[in-house]
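**Student:**
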Amino acid sequence: MPDLRGIWFLAAGQVLAWAGLFYSFAALLLTWERSQGWQKTELALGFSVAVLVSAVTAPLVGGMIDAGHGRRVLCLGPIMGSGALVLLASVQTEVEFGLVWLIIGLAQAACLYEACFALVTLRLGAAANVGILRIALIAGLASPLAFLLAATIGEELGWRTAVLVLAALVAVGAAPLNWIGVTLLERGTKPPRKLRASDARHRSAVHVMRSAPFLLVAMAFTMASLNHGILLTHIVPLVVDRGVSDTMAFVAASLVGPMQVIGRLAILPVAGRVSSRVLACLAFLGLGLASLALLASRQVTVLVFVFAGLQGAAYGLTSILRPSVTAETMGRAEFGTISGWLALPCLVGFAVAPTVSSRLWQQGGYDLAITVALCSAAIGLGCLLALRTEKWR
Numbered sequence: 000m001p002d003l004r005g006i007w008f009l010a011a012g013q014v015l016a017w018a019g020l021f022y023s024f025a026a027l028l029l030t031w032e033r034s035q036g037w038q039k040t041e042l043a044l045g046f047s048v049a050v051l052v053s054a055v056t057a058p059l060v061g062g063m064i065d066a067g068h069g070r071r072v073l074c075l076g077p078i079m080g081s082g083a084l085v086l087l088a089s090v091q092t093e094v095e096f097g098l099v100w101l102i103i104g105l106a107q108a109a110c111l112y113e114a115c116f117a118l119v120t121l122r123l124g125a126a127a128n129v130g131i132l133r134i135a136l137i138a139g140l141a142s143p144l145a146f147l148l149a150a151t152i153g154e155e156l157g158w159r160t161a162v163l164v165l166a167a168l169v170a171v172g173a174a175p176l177n178w179i180g181v182t183l184l185e186r187g188t189k190p191p192r193k194l195r196a197s198d199a200r201h202r203s204a205v206h207v208m209r210s211a212p213f214l215l216v217a218m219a220f221t222m223a224s225l226n227h228g229i230l231l232t233h234i235v236p237l238v239v240d241r242g243v244s245d246t247m248a249f250v251a252a253s254l255v256g257p258m259q260v261i262g263r264l265a266i267l268p269v270a271g272r273v274s275s276r277v278l279a280c281l282a283f284l285g286l287g288l289a290s291l292a293l294l295a296s297r298q299v300t301v302l303v304f305v306f307a308g309l310q311g312a313a314y315g316l317t318s319i320l321r322p323s324v325t326a327e328t329m330g331r332a333e334f335g336t337i338s339g340w341l342a343l344p345c346l347v348g349f350a351v352a353p354t355v356s357s358r359l360w361q362q363g364g365y366d367l368a369i370t371v372a373l374c375s376a377a378i379g380l381g382c383l384l385a386l387r388t389e390k391w392r
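Heads up: the sequence shown at position 190 corresponds to 189 in the numbering used here, and the numbers run straight through without jumps.
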């Protein structure tokens, strides 16, 4: 039996990795725009490049985890990311900013949810859902950590110091925590089954990608990524646009992470008794209601907090239900590779979301961006409703 204490080490590592390599962008976006005089669209492009690089490399990372190299992958990812954050703290131009985020994208692919959940699924099998839920519950604290550092250290000592603090947390925290966590999970379990030929993995991946369940799951969760990416990466300026103060906007933004935790806790009583697809449908409904609340918040200011709560809780569910829905419909064989290919369109959706949000803002203001996010949630819900629960073979 694996040592399940490893789950808690991985969870702590995810908190630090997500705070430094992901949420730091949203937390510092307004600061970069105001202090550096950089355009929002160019800043968003840098983040989009990072997520796009993460998307393109996700299948490769999944294959490496299938081949038994998960511990190295999850340890080297934070080290690479920490080095990139150190470089980020010294950038002077928008071009340098974009190049650094390209490196961060490689680190994201190696140590965030995609890699972590694939490894947990391979090691724990049918018991992986509980492990994933526990990791995701703790990892929801990454968002408030990033925004807290941005609002305290960033304001007192400058954003460059805040980024260096995040770099230190990722290097001395996430990397060793991941190493210990994977080591503990590997105790008492057999190495993941290796494929006999490299082209066999490619053929099976192509076969899965052509199946109706794969396409429906990919489209649904790509729409969730687009929805959340449009709103999250612009959340502070977006909420300020509704007519609230910067302080209130930061408070609303900081609720997203804790509400992810609450949303995940809410499904504990029904976990294992209700299908993942049904729970995912409820999550997509929540994403749609969150966008509606945000649209109405210009008239009723308190609705910005309703938006933050619903958005956090609903997206918190989609991020942990995707592995479960994938396993439920396509099985667990070669899960790292399959989930990597599935992550590709999802991450591409999130990669283009900041730029899409910026362009929509330029064309019709943030009301247009919110409306597009609402439509994305509706399309995703439709795909899940059309999904038949049948395993790929």
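Beta carbons: idealized from backbone N, C-alpha and C, even for Gly.
Using the Cα positions of GLY364 and VAL50, report the straight-line distance between them to the nearest angstrom.
**Tutor:** Indexing the sequence shown from 1 puts residue 364 at position 365. Indexing the sequence shown from 1 puts residue 50 at position 51. Roughly 24 Å between the two C-alpha positions.
**Student:** Of the choices ARG241, ALA251 and ILE337, whose alpha-carbon is the least far from that of SER62?
**Tutor:** Against the sequence shown, residue 62 aligns to sequence position 63. Strictly speaking, residue 62 in this sequence is Gly, with Ser absent from that position. Closest option to GLY62, Cα to Cα, is ILE337.
**Student:** Assuming the contact rule is C-beta atoms closer than 8 Å, GLY228 and GLY311 should be a hit. Round their C-beta distance to whole Å, please.
**Tutor:** Taking the first residue of the sequence shown as 1, we reach residue 228 at position 229. Taking the first residue of the sequence shown as 1, we reach residue 311 at position 312. 14 Å between Cβ atoms; not a contact.
**Student:** Can you give me the start and stop residues for the alpha helix (DSSP H) that VAL216 sits inside?
**Tutor:** Locating residue 216 in the sequence shown gives position 217, counting from the first residue. 211-231 is the extent of the alpha helix (DSSP H) around VAL216.
**Student:** Please identify the residue among LEU59, ALA368 and LEU386 whose C-alpha is closest to the C-alpha of VAL72.
**Tutor:** In the sequence shown, counting from the first residue as 1, residue 72 sits at position 73. Nearest option by C-alpha distance: LEU59.
**Student:** Taking the alpha-carbon positions, what's the LEU286 to LEU183 distance?
**Tutor:** In the sequence shown, the residue the question calls residue 286 occupies position 287. In the sequence shown, the residue the question calls residue 183 occupies position 184. Spanning the two alpha carbons is a distance of roughly 36 Å.
**Student:** Going by CA-CA distance only, name the one from SER296, THR317, MET222 and VAL243 that's closest to MET258.
**Tutor:** Position 259 of the sequence shown holds residue 258. MET258 has its Cα closest to that of THR317, out of SER296, THR317, MET222 and VAL243.
**Student:** Please report the distance separating the alpha-carbon of ARG202 from that of SER210.
**Tutor:** As a working note, residue 202 is residue 203 in the sequence shown. As a working note, residue 210 is residue 211 in the sequence shown. Interpretation of ARG202 is limited by its pLDDT of 47, a score under 50 that renders its predicted location unreliable; no figure is taken from the coordinates.
**Student:** Assign ALA385 to buried or exposed, taking buried as 16 or more other Cβ atoms, counted over all protein chains shown, within 10 Å of its Cβ.
**Tutor:** On the sequence shown, position 386 is the one that residue 385 refers to. Classification for ALA385: exposed.
**Student:** Among ARG133, VAL55 and SER142, which residue has its Cα nearest to the Cα of ILE102?
**Tutor:** Taking the first residue of the sequence shown as position 1, residue 102 is located at position 103. For ILE102, the nearest C-alpha among the options comes from VAL55.
**Student:** Output the distance between the C-alpha atoms of ARG276 and GLY124, rounded to the nearest integer angstrom.
**Tutor:** Taking the first residue of the sequence shown as 1, we reach residue 276 at position 277. Taking the first residue of the sequence shown as 1, we reach residue 124 at position 125. Taking the straight line joining both Cα atoms gives about 19 Å.
**Student:** Do VAL164 and LEU148 have their beta-carbon atoms positioned less than 8 Å apart in this structure?
**Tutor:** Here residue 148 is taken as the residue at index 149 of the sequence shown, counted from 1. Here residue 164 is taken as the residue at index 165 of the sequence shown, counted from 1. Against a cut-off of 8 Å, the Cβ pair of VAL164 and LEU148 comes out as a contact.
**Student:** Rounded to whole angstroms, what's the CA-CA distance from GLY381 to MET218? Just pull it up for me.
**Tutor:** Indexing the sequence shown from 1 puts residue 381 at position 382. Indexing the sequence shown from 1 puts residue 218 at position 219. Cα atoms of GLY381 and MET218: separation of roughly 10 Å, rounded to the nearest angstrom.
**Student:** Tell me the residue span of the alpha helix (DSSP H) that contains VAL90.
**Tutor:** Start at 1 with the first residue of the sequence shown, and residue 90 comes out as number 91. Run containing VAL90: none; DSSP gives neither H nor E here.
**Student:** Give me the Cα-Cα distance between ARG263 and LEU284, rounded to the nearest whole angstrom.
**Tutor:** In the sequence shown, residue 263 corresponds to position 264, counting from 1. In the sequence shown, residue 284 corresponds to position 285, counting from 1. Taking the straight line from one Cα to the other gives about 15 Å.
**Student:** Is GLU333 helix, strand or coil by DSSP?
**Tutor:** Taking the sequence shown and counting its residues from 1, the one referred to as residue 333 is at position 334. Coil, per DSSP.
**Student:** On the CB-based measure, 16 or more other CB atoms within 10 Å of its CB, does ALA16 come out buried or exposed?
**Tutor:** For this step, residue 16 is matched to residue 17 along the sequence shown. When all chains shown are included, ALA16 counts as buried.
**Student:** Within 10 angstroms of the Cβ of GLN107, are there 16 or more other Cβ atoms? Answer buried if so, exposed if not.
**Tutor:** What you label residue 107 is simply residue 108 of the sequence shown in a count that begins at 1. When all chains shown are included, GLN107 counts as buried.
**Student:** For the alpha helix (DSSP H) that GLY19 lies in, which residues bound it at each end?
**Tutor:** Counted from its first residue, the sequence shown places residue 19 at position 20. Counting along the chain, GLY19 falls outside any alpha helix (DSSP H), and DSSP gives it neither H nor E.
**Student:** Is DSSP giving ALA66 helix, strand or coil here?
**Tutor:** Within the sequence shown, residue 66 is the residue found at index 67, counting from 1. When secondary structure is reduced to three states using DSSP, ALA66 falls in the coil class, being assigned neither helix nor strand.
**Student:** With respect to the alpha helix (DSSP H) encompassing ALA394, which residues constitute its N-terminal and C-terminal limits?
**Tutor:** In the structure as shown, the chain begins at 0 and stops at 392. Residue 394 is therefore absent and cannot be evaluated.
**Student:** Taking the straight line between their C-alpha atoms, what separation do you get for GLU32 and THR328?
**Tutor:** Within the sequence shown, residue 32 is the residue found at index 33, counting from 1. Within the sequence shown, residue 328 is the residue found at index 329, counting from 1. Looking at the two C-alpha atoms, the distance is approximately 43 Å.
**Student:** Please report how far the alpha carbon of HIS68 lies from the alpha carbon of PRO175, in whole angstroms.
**Tutor:** Here residue 68 refers to the residue found at position 69 of the sequence shown. Here residue 175 refers to the residue found at position 176 of the sequence shown. Roughly 16 Å between the two C-alpha positions.
**Student:** Please go through the same chain and pick out, in chain order, the residues whose beta-carbon is closer than 7 Å to the beta-carbon of VAL347, but skip the five residues on each side of it.
**Tutor:** Taking the first residue of the sequence shown as 1, we reach residue 347 at position 348. LEU51 and ALA54, listed in sequence order.
**Student:** With DSSP collapsed to three states, give me the class of ARG200.
**Tutor:** The count along the sequence shown starts at 1 and reaches residue 200 at position 201. At ARG200, the pLDDT of 49 sits below 50, so the modelled position is not reliable and the matter cannot be decided from this model.
**Student:** Per DSSP, what kind of secondary structure is ASP366 in: helix, strand or coil?
**Tutor:** Translated into positions along the sequence shown, residue 366 becomes position 367. The answer is helix: DSSP assigns ASP366 an H, G or I state.
**Student:** If we ignore side chains and look at the alpha-carbon of each, how far apart do GLU185 and TRP340 end up?
**Tutor:** Mapped onto the sequence shown, residue 185 falls at position 186. Mapped onto the sequence shown, residue 340 falls at position 341. Each residue's alpha carbon lies about 24 Å from the other.
**Student:** Sort TRP100, VAL14 and ALA376 by Cα distance to LEU288 and report the nearest one.
**Tutor:** As a first step, residue 288 must be located in the sequence shown, where it is residue number 289. Cα-wise, what sits closest to LEU288 is ALA376.
**Student:** Measure the beta-carbon distance from ALA173 to GLY12 and round it to whole angstroms, keeping in mind my assumption that it falls under 8 Å.
**Tutor:** Mapped onto the sequence shown, residue 173 falls at position 174. Mapped onto the sequence shown, residue 12 falls at position 13. Confirmed, about 4 Å.
**Student:** Mark HIS206 as exposed unless 16 or more other C-beta atoms lie within 10 angstroms of its C-beta, in which case mark it buried.
**Tutor:** Start at 1 with the first residue of the sequence shown, and residue 206 comes out as number 207. Classification of HIS206: exposed, given that the 10 Å Cβ count is below 16.
**Student:** Thinking C-alpha only, which one of VAL239, ALA114 and ALA138 is nearest VAL14?
**Tutor:** Residue numbering aside, residue 14 sits at position 15 when the sequence shown is read from its first letter. Of VAL239, ALA114 and ALA138, the residue nearest in Cα terms is ALA138.
**Student:** Helix, strand or coil for LEU386? Go by DSSP, reduced to three states.
**Tutor:** Against the sequence shown, residue 386 aligns to sequence position 387. If DSSP states are grouped into helix, strand and coil, LEU386 belongs with coil.
**Student:** Quick one: is SER244 buried, meaning 16 or more other Cβ sit within 10 Å of its Cβ, or exposed?
**Tutor:** Taking the sequence shown and counting its residues from 1, the one referred to as residue 244 is at position 245. Burial call: exposed.
**Student:** Output yes or no for whether 8 Å exceeds the beta carbon distance between GLY372 and TYR314.
**Tutor:** As a working mapping, residue 372 is identified with position 373 in the sequence shown. As a working mapping, residue 314 is identified with position 315 in the sequence shown. Sequence check: residue 372 is Ala here, not Gly. With respect to TYR314, ALA372 sits apart: the two C-beta atoms are not nearer than 8 Å.
**Student:** Can you tell me where the alpha helix (DSSP H) holding TRP158 begins and where it ends?
**Tutor:** Stepping through the sequence shown from its first residue, residue 158 is reached at position 159. Under the DSSP assignment, TRP158 falls in the alpha helix (DSSP H) whose first and last residues are 158-168.
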